[in-house]
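Right, one structure below, let's go through it.
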DNA sequence: CCCGCTTCTGAACGCGCGTTTAAGATACTG
DNA sequence: CAGTATCTTAAACGCGCGTTCAGAAGCGGG
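Spelled out as structure tokens, the structure:
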């Protein structure tokens, strides 16, 4: 169970109600929302929030802790599917977790420790999933699996975040519609990119490897297996 | 020539100095910076700013217009190189344009019309560049070239933006260091992704095409990937 | 000289913010 | 019942914000 809740006795009533209202309000209107608005949503006074959480930063920290824990709990249920695309396919399936995801997205936009923890967590998951895919032969190996997992995570969330900023929904609370529109816009190109890439040959990759001092044919320490000979135009090797 | 400058007579002195200071200040500290701070940087009073620009929003609009025009002027010089990776390689080369790019990134983070114009412009460029690559046979064709160009643009800038949010630099004005760090973190995985993709076969793509009601051609899935030969056909399955 | 004009400024206004304070409810305790 | 600790609130404080306002400083023309 949620090992993250503060679990004080009073947490079951007023304090939790304030926290939930704050998460919802932060997710819907961003962290710039005023304490008085949160208080109104929670049906209490602004002073009571400060009394319970010390300050607005304290409230924010409590929300961070709660959301991170809740997301971790949720994610263990969905632990298997975690590639960047199937991940979003999972996301559209859930409705109740919308406030959590909205809060996380706001957090990603604002930066801070929760954002870092959040992508660290997802990047680690992506890494194990990529490793499984590579082992199963369904996924192309990388010279730096950790960097790739992190790049895919940052790329996926960054694209979602920017798309959301550029196409702001009428109702920010309806995350399901938001994600649906995003998938409609980017589903095909992303899947295409993931299966076929962009380039038809290795010239760009070889040039980059040469540039960073890791020549492609030499098979230096970076390559788990020789990735691709520079002479052969198209990639074909598969063990 | 820059058709965007307001080109009033007084624009050569005080008004331009305020505008430049505002662009610099917005780029370095975000749009939340106060008018008094901008006024201090410009060596004037806060009241003079609103006298010249009407309000803070007016100043923001003038900065948007100026930056968009300047970026367009700059981009015509660099018009050729525009793939998502070589684009960033271009970016690290320029120092003077750092305030422009910083302002644009802040704008992308905040949303608004300039952000939309900005990515529209880059997406259009990416589209013509992709078309050239496909025609030359160096780039894999897509079922929806426009959507792919936009996805690549949003993805590239989104990843940069999120990476920047997660790894905030000590000196936000040193954009060269910022971009250098970003390329160091994401250069290899992105180039790998662009040349090899992620998946070894077409099962995921076929599943997606089936899901959206655009069934793939028979036999396009199966064995080791056969990356859409540019000579045989531009598309494997025409809808 | 005074006039009208633009440029520019310091002081102040009104607002909303996070926070503090003093006091009122409420409930548990001896 | 009185005592007391906790929960809760209305009112006010101080701050910074964008903005307004009256007026000073420079300036070309009757």
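Chains as they are written, first to last, in this note's numbering: chain A, 3 to 241; chain B, 3 to 241. Note that CB positions come from ideal geometry on N, CA and C, so glycine has one too.
Worksheet item: Going by C-alpha distance, which of B/40, B/53, B/132, B/99 is nearest residue 152 of chain B?
Response: Check the Cα spacing between residue 152 of chain B and each of B/40, B/53, B/132, B/99: the tightest is with B/132.
Fill in: The alpha helix (DSSP H) enclosing residue 20 of chain A, as first and last residue numbers
16–31
Worksheet item: How about residue 199 of chain A and residue 197 of chain B: do their beta carbons lie closer than 8 Å?
Response: Yes, the Cβ-Cβ distance between residue 199 of chain A and residue 197 of chain B is below 8 Å.
Worksheet entry | Cβ neighbour criterion (16 or more within 10 Å) applied to residue 177 of chain A | It counts as buried.
Discussion item. As a quick exercise: from A/203, A/166, A/173, pick the residue whose alpha carbon is nearest that of residue 185 of chain A.
Written reply: A/166
Worksheet entry | Cβ-based neighbour list, residue 120 of chain B, same chain, cut-off 6 Å, excluding 5 preceding and 5 following | 106
Worksheet item: Who are residue 201 of chain B's beta bridge partners in DSSP?
Response: A/141
Discussion item. Would you say residue 84 of chain B lies against chain A (beta-carbon separation less than 8 Å)?
Written reply: Low confidence applies to residue 84 of chain B: its pLDDT is 47, below 50, so where it sits in the model is not reliable, and the reading given next is rough at best. No - not a single Cβ of chain A is within 8 Å of the one on residue 84 of chain B.
Worksheet item: Just how far apart, CA to CA, sit residue 37 of chain A and residue 16 of chain A?
Response: 15 Å
Worksheet entry | Integer Cβ distance of residue 118 of chain A from residue 33 of chain A, believed to fall under 8 Å | Contact doesn't hold; Cβ gap of about 16 Å is too wide.
Worksheet item: So, is the C-beta of residue 144 of chain B closer than 8 Å to a C-beta in chain A?
Response: yes
Worksheet item: Would residue 172 of chain B be called buried (16 or more neighbouring beta carbons within 10 Å of its own) or exposed?
Response: Label assigned to residue 172 of chain B: exposed.
Worksheet entry | Closer than 8 Å to chain A by CB, residue 167 of chain B | With 8 Å as the cut-off, residue 167 of chain B counts as an interface residue toward chain A.
Item to complete: Identify, in the order they occur along the chain, each residue of the same chain with its Cβ nearer than 7 Å to the Cβ of residue 147 of chain A, setting aside the five sequence neighbours on each side.
Response: 129, 132, 133
Worksheet item: Would you say residue 191 of chain A reaches chain B, if we count a Cβ-Cβ gap shorter than 8 Å as a contact?
Response: yes
Worksheet item: What number of angstroms, rounded off, separates the C-alpha of residue 170 of chain B from the C-alpha of residue 53 of chain B?
Response: Near 35 Å, if we compare the C-alpha coordinates of residue 53 of chain B and residue 170 of chain B.
Discussion item. Does residue 104 of chain B come out as helix, strand or coil in the three-state DSSP assignment?
Written reply: If DSSP states are grouped into helix, strand and coil, residue 104 of chain B belongs with the helices.
Worksheet item: Can a CB atom of chain B be found closer than 8 Å to the CB of residue 202 of chain A?
Response: yes
Item to complete: Measure the alpha-carbon distance for residue 83 of chain A versus residue 135 of chain A and round it to whole angstroms.
Response: Low confidence applies to residue 83 of chain A: its pLDDT is 46, below 50, so where it sits in the model is not reliable, and the reading given next is rough at best. Residue 83 of chain A and residue 135 of chain A: Cα-Cα distance of roughly 11 Å.
Worksheet item: Along chain A, which residues have their Cβ under 8 Å away from the Cβ of residue 139 of chain B?
Response: 202
Worksheet entry | Where residue 118 of chain A meets chain B, residues with beta-carbon distance less than 7 Å | 168
Worksheet item: Is residue 135 of chain A helix, strand or coil when you go by DSSP?
Response: helix
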